[in-house]
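What follows is a short report on a single structure.
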């Protein structure tokens, strides 16, 4: 059984296979699985850092890390996903712990903001995030802004 390896790359460092795999998995989860029609490629990828876990050359978990001022005034983590076969086994928590660590170090900040799907509020709260907005609809899915302060 192969181990999980973690990659952390700026957009310009991704090879075409990695980029294709990232876009494919994001479309599978956010558009097909969640039945949500929206344009995933929002130009924020171009200056983002991409964190992903590989097992047997398959991306099993992914998050996009954005500089302050891109999505929010604070640095942010978004497009967080774990594929179905790896949910409920700690992969999402490990992904977010890595993403938090990378974001704090990359941008030398002490705050990270996310736009979280409401059904994941307890998960993000367990990581230290607190709700900072009322619920709002984004692409037909209830969301809320949450902030982590270190």
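Numbering (this note's numbering), first residue to last: 19 to 168.
Ideal placement from N, C-alpha and C gives every residue a C-beta, glycine not left out.
These figures come from a predicted structure and were not determined experimentally.
- With 16 or more neighbouring CB atoms inside 10 Å of its own CB, residue 131 falls in the buried class.
- For residue 161 against residue 134, the beta-carbon gap comes to about 6 Å, under 8 Å, which counts as contact.
- Membership of residue 93 in the beta strand (DSSP E) is indicated by the continuous run 93-100.
- By the Cβ rule, the stretch 63-71 counts as touching the stretch 107-125, because three or more pairs are nearer than 8 Å.
- Note on geometry: alpha-carbon atoms of residue 46 and residue 127 lie some 32 Å from one another.
- Residue burial is scored here from C-beta neighbours: residue 63 has at least 16 other C-beta atoms within 10 angstroms and is therefore classed as buried.
- For residue 165, the enclosing beta strand (DSSP E) starts and ends at 159-167.
- Considering only 57, 159, 136 and 141, the residue with the shortest C-alpha distance to residue 151 is 136.
- Bridge partners of residue 124 according to DSSP: none are assigned.
- Straight across, the Cα-Cα distance linking residue 24 with residue 36 is about 13 Å.
- About 5 Å separates the beta carbons of residue 125 and residue 93, which is inside the 8 Å limit, making them a contact pair.
- Secondary structure within the stretch 31-74: the alpha helix (DSSP H) runs of 4 or more consecutive residues, fully enclosed, are 34-44 (chain order).
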